Amino acid sequence: MGMDFSTLRTLISRYCVGEENWVDNRTVYIGHKEPPPGTEAFIQQRYPDNRIVSSKYTFWNFIPKNMFEQFRRVANFYFLIIFLVQLIIDTPTSPVTSGLPLFFVITVTAVKQGYEDWLRHKADNSVNHCPVHVVQHGKVVRKQSRKLRVGDVVLVKEDESFPCDLILLSSSRDDGTCFVTTASLDGESSHKTYYAVQDTKAYNTEQEVDSIHATIECEQPQPDLYKFVGRVNVYMNNEPVARPLGSENLLLRGATLKNTEYIYAVAIYTGMETKMALNYQSKSQKRSAVEKSMNAYLVVYLCILISKALINTVLKYVWQADPNRDEPFYNDRTETERQRHILIRAFTDFLAFMVLFNYIIPVSMYVTVEMQKFLGSYFIMWDDEMFDEELKERAVVNTSDLNEELGQVEYIFTDKTGTLTENNMEFIECCVDGHVYVPHAICNGQVMPGAAGMDMIDTSPGPEAKEHEELFFRALCLCHTVQVKEEETVDGIKHGIHQGKSTSFYISSSPDEVALVEGMKRLGFTYLRLKDGQMEILNRDDEIERFELLEVLTFDSVRRRMSVIVRARNGEVYLFCKGADSSIFPRVISGKVDEVKARVEHNAVEGLRTLCVAYRPLSTEQYEQVCHQLSMAKLALQDRDKRLAEAYDLIETDLILLGATAVEDRLQEKAADTIESLHKAGMKVWVLTGDKMETAAATCYASKLFHRHTQILELTTKRTEEQSLHDVLFDLSRTVLRHYGEITRDISGLSGDCTDYGLIIDGATLSAVMRPGQEDSNSGNYKEIFLEICRNCSAVLCCRMAPLQKAQIVKMIKASKEHPITLAVGDGANDVSMILEAHVGIGIMGKEGRQAVRNSDYAIPKFKHLKKMLLVHGHYYYIRISELVQYFFYKNVCFIFPQFLYQFFCGFSQQPLYDTAYLTLYNISFTSLPILLYSLMEQHINMDILKKDPSLYRDIAKNSLLRWRIFIYWTVLGVYDAIVMFFGAYFLFDNTTFTSNGQLMTSNTQMMFGNWTFGTLVFTVLVFTVTFKLVLDTHYWTWINHFVIWGSLVFFVVFSLLWGGIIWPFLNYQRMYYVFMQMLSSGPAWLSIILLITASLLPDVVKKVICRALWPTTTERIQNADKLYKGQLSEFTPLASLHAPPKAGRHRRGSENQRNELNPRRSEPFNKKVMFTRWQRTPDYSTFSPLLRFADGSCRYIPANAYSEAGPETSV
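For the sequence shown, position 159 matches number 166 in this note's numbering, and the numbering has no gaps at all.
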C-alpha cells in the first residue's frame, strides 16, 4: 500500500511542476549520492561514457567490414567469381590474369579508406582525451573527457568548452548566471545567458558543491537543441524541494563559457547521447553519380559478355555435331570427359568462354578511378587561390570519392551565420521622426577610419524634435540585454582599447544589440553599466543619467520585439519597445509613421536589418496593473510561456513611434559574387538558418540571393495562423505556376526585369508540410505541392531551422523525382546533419569550431572558395573521369571483340588470340598510364575562362557526358575499330598459301605466319589505335603527357622485343619466341599497321570535324577561339564582352570605392551595365553580333565586322 501512495505522490509532484506531458525519463544522482532513506528508491542506471565516435571502422572490424563494402560493388564481386572459376576449372587463361588486378584494386582501396578513417580516429582521440575537471570528495581532479560519467559534477573555467550536456548548479557570478557562446551549435557567436538552479547557486567552492544532495529527473536524450524538460529535487533536511528545469538551465556540449570565471555543473547526457551527437546523421557511404553510371554500364557489358559466351557455347556444339569436326587428334579428350553429361560439358565450356572474354569488364578501371580520385584530390589541397591568409588554412579533402560530384551540383544548401556572413554587425544609420543620422561606421567596438563627426541628412530638427531625438537615443541605450565587460581581451582578441588604455566594451546574446549601443555611443549617448538595478548612461553633456530597471519583456521569435520598463530620476515610468517593423507599426497610435516606414522599406531593400523603436509613458496605476499581469503570468506553472505572451501583448500597446535603426550583418568577402556565379551556373541556392526571418531575408538581399524584382512568397507560421496550410500552399502554387512560362523563357539569367520568386519558410511550417495533419481529409500531398513551388522559385530561404530539419530539407530534395545532386555548406555543428545528408558536404573553417570540417567531405577556409571549387575543380574532375570511364570501356571492347571474332576461325576451341603476357599487361601497363595522366591533368578549357563564364558549368550538368547516347557511340566505335583490326589483318594476309605442316606462308616474302603472329599484329594495331584515340582527345599538352604517351608505346615495343627475343628459363613454353621481330621484318606488316590505325581513327576524326563545324557546343566554340588567340582568350576577345569592359569598369570601380570610403555600406548596389549579345546562326566566340538596347527601347542590329573589338557598352 505504501508503494501505491509513493506512486501517487510522485504523480502529484510531477503534475505540480508542470510535467503533464512527461516522456520516458531518467534519474541522475548528483555526485552519485544516494537519496536519503525513505524518499525514493535508489536505482543506479547505466549510461554510455563520454566517448565521441565519428569513425567507421575499428582495428578489429576493418578487414571484414571493408571487404564486405568492397565486394558489394558489382565489378569486384564479378571478378572474385571469375577468379574462383579460373581456380576450379581448366580455363584458357591463368588465374593470375584476373586475380592480380583484383588484389591490387582491393588493396589500394582498403589502404585509402583505412588512411581516411585513421584521420577520423585521430580527430576523435584529440577530443576524447582532452582533460576535464571533476569534483570528487570535495576536491577537483583531472580526468580524460571520455571517462566522464552521468552524475559527475564538473568544473568549467572561462573560455573552456562544455565536455557534455550539463545542468548549471552554480557560477562565479553572484546572481547564478553565466554567459555562453553557442557558435559551434547554431553558428551564433553572441553571448547567451543561462541560469543556475535556484537552491544551489550559492554553492561556490568544491566542498560546498560536493555537499549538494539532489537528484535530477529529466527526459531521455532528444535531438531538439532548444527544448528540455526536467526537474531537480534538492533534499533539505531529508525533504525534497522540487524545482522545474528548462532549456535555460541546460549547457550543451560544444558551447563555450564566456565572461564568467567558472561554473559548477552536473553531467546529464554524455557521449553519443548528447544533443549535439544526436543531431549528427549516421555516416553512410556516399556514391557519386559517375560511379552509378559505371555500375549501369557494367551491367550492360556483363549482358554482352554472357551473350557472347552463350553464342560461342551453342555454336561450338553445333560445329561439333558433325562427327568429322570433333576435337582434333592432338587435343583428344579422355574417356572420363567423353562420358560426362552434355549439360555439364556445356556449362564448363560456357564458364571457359566467360573467362576468355571477361577482359571486356575492365577491373583495372576501378584501380585507375581510385588512383585518379586520390591523386586528383591533391590539386584542391595545393591550390594557392584557395589558401586563406587570415586563417593560414588551405582547403582540405576528407574523402576523395566525390571529386567529380563537384561538377554535377544542382542544389546548394548553405547556412547563413558564419558561412555567408562574418557575424559582424555594423551600425549604418538611424531615422528619428524622418530625420536620418548616419554616424561613422562602427563595427564591434572599432571605429572605422574616415571622416569624423556625424552626417545628418535632411534639415536639423527643431526643439521639440530634439527632445524626441534624445528620447530615441535613450531608448536604444536602455532597451537591450547588453553586458559591459571591463577587461581588455575576450577570445584572446583585444577590444575597446582607446589611446593605450583599457576601456569597457559590450557583449550580448544578440550581436546587433551591441552594434546599436555602439552606434548610440558614437552619436553621443553612452551606456555605462547595470549596477544594483540601475542602468547608467552618459549623455552628450557628459552627465550620468540613472534609470531604475523595473521589468524586461524578453525578445521571442513570435512577438519579434522586446521591451523594458524603467523609472527615471523624476519618478516617471516609461516602457521602451524595439522590434521588427511588422510587429511595432500595428501597435503605434502616434508618431511620424509614414516617414519612418518609407525609410525602413528603403533600408530593407538595401539588405539591412531594420528595427523600429517606440515608447509609452506609464502612469502609476498603469504600472501597477502591468506588474500584476506579469507576476501572475510568471507564477503560473502550466502554460507559462503562453500566459507571459498574453501579458506582453496587453502591455505593449498604445505606443508612440520614435524612429528606426539600420544595422548590417557584414557579408563574407565575395559572398554575393559567389552566389551570383552559382546562379549563372544553373545551381539553385537555398539558405537554411536558425536565424529569425527578417535578419535572414536581409542577408539574402545583401548576398544577391533575392533581387529588387524578386517577388517574396511567405510560407510562415504567421500566415498559416490566418489561413489554413492547405489554402496557403494552393495560393502559392497558383501564383508560381501562372508565371511558370515566363520563367522558363528567361533561362539565361541575363534579364533583370522578368518576375522571379523567392520563397521564405520557417521551421514550424516545414514540420507541418512534412507531416500533414491527419484530421484534414483534403490535405492531399503537401510535400509534392511544396516541392513544385520550390522548383519554380529562383531562391528559397528556410529560417528558424533545427539541425535535423536542415537534413530533412536536403533529404526531401534528394528524393524528389529528378533526383538532383545536392551540396550542403556550413560552418557549425548545427550544420553537420545537413552536410552528412547531402551528396557533397562542405565545411567552412570559421570561428565556430571544427565539427563541420571534421564531418564534411571537403573543407574550405571561406565561402568565396566554393566558386573555384565547383566551377573549376568540379568541372575538370567531371570531364576527366567521364572520359576515363568511356575510354576504358571503349579500349576493352577493342581488345576483346577480336577475340570473339577469332573463335569463328578456330572451331570455337577457346583458343586465345593474344599471348597471356599481353592479356595480363594490356590494362595494367600498356594502356593504363596515358589515361591516368589524362584524368589528372586535362584542362579542356582555360581555368580563367571557367571562372569568368559560369554558364559553361551547365554544359556538363545532369551527367551529360555519361548519357546512354554517348556510351553507345563509344561502344559502337570500339566494335568498329575491333572489326577493322581483325578483318583488316585477316584480308591483308589472305594472299597466303597453306603448307603441309599447317603454317601460313606469304607468297611475296616467304615468311611464316602462325596464329601468334596474327594475334600479335592485331594487338600491335590495337595498342597504337587506342593510344592515338586518347591523343586526339587531349587538349592540354605538357611534357609529362608526351613522356607518358610516347613512353608507353615505346615500352610496348621494347617489352615485345624482349619477351619474344629471349629464352625465359622459368617458362615451360616459348610460343612467342621471335614472333614479334619476325612480324616486323615483313613490309606488309608495317603497311597494315599504318593503314589499320588510320582506318580505325578516321570515322571519329571525321565526326569531330563535322560536328565542330556545323553544331559546335559552347565549350567547342571557346576552344576554337582560345586557339585563335593563343590562350589569351579571356583578356581581349568577345568573351570578355559578356562582362564589363576593363576600362569602363576600372573607372566605375574607382568612383564606387570613393563613395564607399565616405559611406562604407557593403550592401550598396553597384550601378551595373549589362551587355546583350546574340549569336549568329552559326555561333562562334570569335565572331559575334551585339544586339544593343537603347534608352528609347529600340534595338539596332550592328554587323559583326563593324567593330574590331567588343561593341560599345550601353546601359540597360
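C-beta atoms are modelled at their ideal positions from N, C-alpha and C, and glycine is treated no differently. The structure displayed is predicted, hence computed values, not measured ones.
- The continuous stretches of beta strand (DSSP E) do not include Val817, which lies in the alpha helix (DSSP H) extending over residues Pro810 to Lys821.
- DSSP places Met852 in the coil class of the three-state scheme, outside both helix and strand.
- The alpha helix (DSSP H) runs lying completely inside the stretch 881–925 and spanning 4 residues or more are 882–909, given in chain order.
- Straight-line spacing of the CA atoms in Pro55 and Glu226 works out to 16 Å.
- Going by beta carbons, Leu155 and Thr277 fall inside the 8 Å limit.
- Shown here, Thr100 sits in coil according to DSSP, grouped into three states, outside any helix or strand.
- Between Phe364 and Thr320, the C-beta gap is not smaller than 8 Å, which leaves the two residues out of contact.
- In the DSSP assignment, no residue is bridged to Cys797.
- Nearest to Met243 by alpha-carbon distance, out of Glu123, Gly237, Ile219 and Ile223, is Ile219.
- Listed in chain order, the non-local C-beta contacts of Pro919 below 8 Å within the same chain comprise Pro99, Thr100, Leu363, Gln906, Leu926 and Gly1022, local neighbours out to five positions each way being set aside.
- The criterion of a C-beta distance shorter than 8 Å is not satisfied by Val595 and Ala667.
- If you draw a straight line from the Cα of Pro170 to the Cα of Val521, it comes to about 29 Å.
- Burial of Leu483 is indicated by the presence of at least 16 other C-beta atoms within 10 angstroms of its C-beta.
- In this structure, the beta-carbon distance from Ile113 to Gln77 falls below 8 Å.
- Rounded to the nearest angstrom, the gap between the Cα atoms of Leu1037 and Tyr885 is 17 Å.
- Under the DSSP definition of a beta bridge, His140 partners with Arg149 and Leu162.
- Rounded to the nearest angstrom, the Cβ distance from Glu436 to Val445 is 4 Å, consistent with a contact under 8 Å.
- By the criterion of at least three beta-carbon pairs nearer than 8 Å, the stretch 884–901 is in contact with the stretch 927–942.
- Looking at Met378, Ala771 and Thr222, the one whose alpha-carbon comes closest to that of Gln52 is Thr222.
- In the three-state reduction of the DSSP assignment, His872 falls in the helix class.
- Note: Trp693 is bridge-paired with Phe420 and Val803 in the DSSP secondary-structure output.
- The stretch 946–956 makes contact with the stretch 867–882; the number of CB pairs closer than 8 Å reaches 3 or more.
- Counting C-beta pairs with one atom in each stretch, the stretch 115–129 and the stretch 383–392 have fewer than three that are closer than 8 Å, which means they do not touch.
- Under the 10 Å beta carbon count, Ser597 is surrounded by fewer than 16 other beta carbons and is classified as exposed.
- For Arg623, the enclosing beta strand (DSSP E) begins and ends at Arg616 to Leu625.
- Taken through DSSP and simplified to helix, strand or coil, Pro957 comes out as helix.
- Out of Ala262, Tyr418, Trp125 and Asp166, the CA that lies nearest to the CA of Glu825 is found in Tyr418.
- Shown here, Ile367 sits in a helix according to DSSP, grouped into three states.
- The stretch 611–625 and the stretch 529–541 do not touch, with fewer than three beta-carbon pairs separated by less than 8 Å.
- Considering only Phe1050, Ile986 and Leu1104, the residue with the shortest C-alpha distance to Leu1039 is Leu1104.
- Val1028 and Ser1063 have their C-alpha atoms roughly 13 Å apart.
- About 6 Å separates the beta carbon of Val439 from that of Leu665, a gap short enough to meet the 8 Å contact definition.
- Here DSSP, grouped into helix, strand and coil, assigns Cys185 to strand.
- Between Tyr269 and Leu162 the beta-carbon gap is near 6 Å, inside 8 Å, which marks them as a contact.
- Secondary structure at Arg606: helix, using DSSP grouped into helix, strand and coil.
- Ranked by Cα distance from Arg568, the first of Glu671, Met700 and Val692 is Met700.
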